[in-house]
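Heads up, the thing below is written out as structure tokens.
Number of protein chains: 2
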Amino acid sequence: MTVPSGKVYLIGAGPGAADLITVRGARALAQADVVLYDALITPEMLELCPQAVLISVGKRSGKRSAAQEHINQILVESAAQYSTVVRLKGGDPMLFGRADEELNALESAGIEYEIIPGITTALAAAASIRQPLTKRGVARSVALFTSSTAPGESTDTRIPNCDTLVQYMGGKEAMLTAQRLLDVGHPPTLPIFVIENCSRHDERSQSLTLAELANGLPASDGPVLVMMGESMRPRKHTVR
Amino acid sequence: MTVPSGKVYLIGAGPGAADLITVRGARALAQADVVLYDALITPEMLELCPQAVLISVGKRSGKRSAAQEHINQILVESAAQYSTVVRLKGGDPMLFGRADEELNALESAGIEYEIIPGITTALAAAASIRQPLTKRGVARSVALFTSSTAPGESTDTRIPNCDTLVQYMGGKEAMLTAQRLLDVGHPPTLPIFVIENCSRHDERSQSLTLAELANGLPASDGPVLVMMGESMRPRKHTVR
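Shown next as structure tokens:
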């Protein structure tokens with residue numbers, strides 16, 4: 006049996022642009038012996054750790070649980086082999102990042118670790134489209150949610166009752182959210198922003214209404230974030 | 006009349022530790038001619054811009070609207086005087102940051118600007134206490150909210166219906182939230198984490214129950230974040 010000796014850094018890479026990682030995260034990456042990275046990590050981010058062994062542990066939908074156990078195993082094995090191990094995740098590791106399972110695996114194996122937060126896509130998107138998520142007299146609560154149909158999770162049909170709603174991995178499921186919001190009386194003109202590939206060279210954003218969202222979303226290949234609420238109404242002077 | 010020529014960077018400093026700002030934010034700070042900073046910005050963060058003129062625009066509760074108009078004015082005047090102006094805000098500027106008012110002022114004056122996101126305290130706190138905000142089968146939605154009694158805002162008594170609730174500036178108002186959660190049937194044993202001065206040298210965190218929170222909070226001097234929900238239940242193996 007190997008004796009674990011390495012330390013694991015669970016790092017949030019942020020939305021994609023290499024300079025939207027934190028200074029602390031960039032420094033840990035530059036010290037890494039090995040980096041386990043997700044499918045959403047951009048090539049430019051990996052240029053921050055040219056010295057490291059790179060292991061892609063990208064998950065694809067459909068076989069997520071099996072993939073997660075495999076990632077846990079690679080993490081624990083890496084800590085036995087290397088002194089500085091980085092687990093690099095898109096966005097922030099503690100929000101929709103399946104961190105719990107990896108932390109359990111590390112703790113069960115008695116491995117030392119540290120978590121370095123990352124910019125979650127909702128905040129990078131708000132900056133990019135210049136629409137604050139909260140606004141005095143208009144919006145002062147924000148819900149961050151996703152509709153997962155992963156094994157072991159039931160479909161949750163509650164609509165968050167916050168002023169601004171941000172649906173991660175929002176694609177087709179955001180259309181269902183829009184229909185539910187219409188059903189409970191939200192106005193068809195409620196403003197929406199859809200952002201794809203936030204902070205990347207091919208970022209695209211689109212302003213639309215709740216009624217339009219319920220009817221369909223433009224085709225997309227990258228991760229999509231859907232932001233809904235009065236806070237998304239463009240300002241009079243907004244210059245893009 | 007002066008002709009505005011400078012560019013304004015609205016930057017999220019993150020929770021306080023100087024290395025939890027983004028790489029992009031740190032670079033912009035290092036180029037700044039003038040930095041307008043909030044009361045929550047730490048001295049170590051200001052060491053990132055030794056070349057800049059520093060202007061404290063810290064707001065104190067009670068006179069927030071007047072202070073905001075004054076800040077807007079300083080911002081616009083600074084852009085006429087300097088080529089690189091930084092407006093540095095604690096956390097993220099687009100979440101509970103009153104960005105809307107500053108963006109309106111900049112746009113009305115025709116001043117170019119860019120927004121650089123920051124780590125919001127909820128994510129830094131989750132990393133620090135090692136409790137993910139979402140957890141498979143337990144929590145997959147997060148509400149970020151505050152109870153403001155600033156002029157022009159009514160008291161909102163809705164309880165967000167998300168799995169994990171994060172109340173910013175949570176002090177005494179989190180006690181009211183806890184009482185409301187009890188009133189609508191949440192269990193008295195619901196786990197809570199309270200974090201003060203997140204990421205700073207004097208960070209303190211405390212694990213308690215919903216019933217305990219309803220009865221009182223320990224005295225605090227710094228910004229307090231209160232996190233509530235099953236996701237806050239300590240793991241079997243957690244080693245702090």
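Residue numbers (my numbering), protein chains in the order written: chain A, 6 to 245; chain B, 6 to 245.
The beta carbon of each residue, even a glycine, is placed where N, CA and C say it ideally should be.
ask   = What do you reckon, are the CB atoms on B/A23 and B/G95 nearer than 8 Å?
value = In the second sequence, the residue the question calls residue 23 of chain B occupies position 18. In the second sequence, the residue the question calls residue 95 of chain B occupies position 90. No, Cβ-Cβ distance for B/A23 and B/G95 is not below 8 Å.
request  = Give the secondary structure of A/E49 by DSSP, where H, G and I count as helix, E and B as strand, and everything else as coil.
outcome  = As a position in the first sequence, residue 49 of chain A is number 44, starting the count at 1. Correct three-state label for A/E49: helix.
message = Are there any heavy atoms of the ligand MG lying less than 7 Å away from the beta-carbon of B/S61, as far as the coordinates show?
response = With respect to the ligand MG, the structure offers nothing, as it holds no ligand at all.
query = Is there a Cβ from chain B that is less than 8 Å from the Cβ of A/G21?
reply = Counting from one through the first sequence, the residue named residue 21 of chain A turns up at place 16. No, A/G21 does not count as interfacial toward chain B.
task = Please report the residue range of the beta strand (DSSP E) in which A/I121 lies.
result = To locate residue 121 of chain A, count along the first sequence from 1; it is residue 116. E117 to I121 is the extent of the beta strand (DSSP E) around A/I121.
key: Cutoff 8 Å; reference B/L128; Cβ partners in own chain excluding five residues on either side   = Here residue 128 of chain B is taken as the residue at index 123 of the second sequence, counted from 1. Answer for B/L128: L138, listed in chain order.
task = Answer with buried or exposed for B/E178, where buried requires no fewer than 16 other C-beta atoms within 10 angstroms of its C-beta.
result = For the purposes of this step, residue 178 of chain B is taken as residue 173 along the second sequence, with counting starting at 1. Burial call: buried.
query = Skipping 5 residues on each side, what residues in its chain have a beta carbon closer than 6 Å to that of B/G11?
reply = Indexing the second sequence from 1 puts residue 11 of chain B at position 6. So the qualifying residues of the chain are A84, Y87, S88 and V90.
task = Look at A/C203 and A/P20 and say whether their C-beta atoms are less than 8 Å apart.
result = Against the first sequence, residue 203 of chain A aligns to sequence position 198. Against the first sequence, residue 20 of chain A aligns to sequence position 15. Going by C-beta atoms, A/C203 is nearer than 8 Å to A/P20.
inquiry  = Using a Cβ-Cβ cutoff of less than 8 Å, which residues in the same chain neighbour B/C54 once the five nearest sequence positions on both sides are dropped?
reply    = Reading the second sequence from its first residue, position 49 is the one you call residue 54 of chain B. Closer than 8 Å at Cβ, skipping near neighbours: L34, A35, A37, V40 and V91.
key: Which listed residue (B/L222, B/L215 and B/N109) has its alpha carbon closest to that of B/M233   = Locating residue 233 of chain B in the second sequence gives position 228, counting from the first residue. Nearest option by C-alpha distance: B/L215.
query = Under the rule that 16 or more other beta-carbon atoms within 10 Å means buried, what is A/G175, buried or exposed?
reply = Counting from one through the first sequence, the residue named residue 175 of chain A turns up at place 170. A/G175 should be labelled buried.
task = Select from B/T169, B/P223, B/R141 and B/E119 the residue whose C-alpha is nearest the C-alpha of A/R103.
result = What you label residue 103 of chain A is simply residue 98 of the first sequence in a count that begins at 1. The shortest Cα separation from A/R103 among B/T169, B/P223, B/R141 and B/E119 belongs to B/R141.
Own chain partners of A/A57 with C-beta closer than 8 Å, once the 5 adjacent residues on each side are dropped = Residue 57 of chain A sits at position 52 when you count from the first residue of the first sequence. If we look at A/A57 and ignore the five residues flanking it on each side, its Cβ neighbours are L34, A37, D38, V39, V40 and V91.
inquiry  = As a quick exercise: from A/R205, A/L218, A/R32 and A/P196, pick the residue whose alpha carbon is nearest that of A/T182.
reply    = For this step, residue 182 of chain A is matched to residue 177 along the first sequence. With distances taken between Cα atoms, A/T182 lies closest to A/L218.
inquiry  = Is B/P137 close to chain A? Criterion is C-beta to C-beta, closer than 8 Å.
reply    = Taking the first residue of the second sequence as position 1, residue 137 of chain B is located at position 132. Judged by the 8 Å Cβ criterion, B/P137 is in contact with chain A.
query = Out of curiosity, what's the CA-to-CA distance linking B/I164 and A/H206?
reply = The residue you call residue 164 of chain B lines up with position 159 of the second sequence. The residue you call residue 206 of chain A lines up with position 201 of the first sequence. If you take the alpha carbons of B/I164 and A/H206, they lie about 39 Å apart.
key: Unbroken stretches of the beta strand (DSSP E), 3 residues or longer, contained in the segment 147–226 of chain B   = 169–172, 196–201 and 209–214
Beta-carbon spacing of A/R135, B/L108 below 8 Å = The residue labelled residue 135 of chain A in the question sits at position 130 within the first sequence. The residue labelled residue 108 of chain B in the question sits at position 103 within the second sequence. It is a contact, given that the beta carbons lie within the stated cut-off.
request  = Taking only the alpha-carbon atoms, compute the straight-line gap between A/S113 and A/S212 and give it to the nearest angstrom.
outcome  = The residue given as residue 113 of chain A occupies position 108 in the first sequence. The residue given as residue 212 of chain A occupies position 207 in the first sequence. Approximately 46 Å, taken between the alpha carbons.
ask   = Closer than 8 Å, CB to CB, is A/G102 near chain B or not?
value = Within the first sequence, numbered from 1, the residue matching residue 102 of chain A stands at position 97. It does; some Cβ of chain B falls within 8 Å.
inquiry  = Could you compute how far the alpha carbon of B/V231 sits from the alpha carbon of B/Q184?
reply    = For the purposes of this step, residue 231 of chain B is identified with residue 226 of the second sequence, where counting begins at 1. For the purposes of this step, residue 184 of chain B is identified with residue 179 of the second sequence, where counting begins at 1. So the two alpha carbons sit approximately 14 Å from each other.
inquiry  = Would you say A/I120 lies against chain B (beta-carbon separation less than 8 Å)?
reply    = Position 115 of the first sequence, counted from the start, is the residue given in the question as residue 120 of chain A. So yes, A/I120 belongs to the interface.
Residue nearest to B/P228 in terms of C-alpha spacing, selected from B/Y14, B/G30, B/A72 and B/D43 = Here residue 228 of chain B is taken as the residue at index 223 of the second sequence, counted from 1. With distances taken between Cα atoms, B/P228 lies closest to B/D43.
Start-to-end residues for the beta strand (DSSP E) that takes in A/R248 = What is shown of chain A runs 6 to 245, which leaves residue 248 of chain A out entirely.
task = Run the CB neighbour count on A/T194, radius 10 Å, all protein chains shown included, and call it buried at 16 or more, exposed below.
result = As a first step, residue 194 of chain A must be located in the first sequence, where it is residue number 189. Exposed is the call here.
query = Since B/A35 meets chain A, which of its residues come closer than 8 Å, beta carbon to beta carbon?
reply = Taking the first residue of the second sequence as 1, we reach residue 35 of chain B at position 30. The contacting residues do not exist; B/A35 stays about 11 Å from chain A at best.
query = When DSSP builds the beta bridges, which residues end up paired with B/S113?
reply = Taking the second sequence and counting its residues from 1, one reaches residue 113 of chain B at position 108. According to DSSP, B/S113 bridges with nothing at all.
request  = Grab the span of the beta strand (DSSP E) containing A/I134 for me, first residue to last.
outcome  = To locate residue 134 of chain A, count along the first sequence from 1; it is residue 129. No beta strand (DSSP E) contains A/I134, which is instead part of the alpha helix (DSSP H) from T126 to I134.
inquiry  = 8 Å is my cut-off, CB to CB: does B/I197 come that close to chain A?
reply    = The residue you call residue 197 of chain B lines up with position 192 of the second sequence. By this cut-off, B/I197 is not an interface position.
query = Would B/K177 count as contacting chain A if we go by Cβ distances under 8 Å?
reply = In the second sequence, the residue the question calls residue 177 of chain B occupies position 172. Not closer than 8 Å to any Cβ of chain A, the Cβ of B/K177 fails to qualify, so no.
task = Return the Cβ separation of A/A148 and B/S146 in integer angstroms, given the expectation that the two are a contact with Cβ distance under 8 Å.
result = Taking the first residue of the first sequence as 1, we reach residue 148 of chain A at position 143. Taking the first residue of the second sequence as 1, we reach residue 146 of chain B at position 141. So it is a contact: roughly 6 Å between Cβ atoms.
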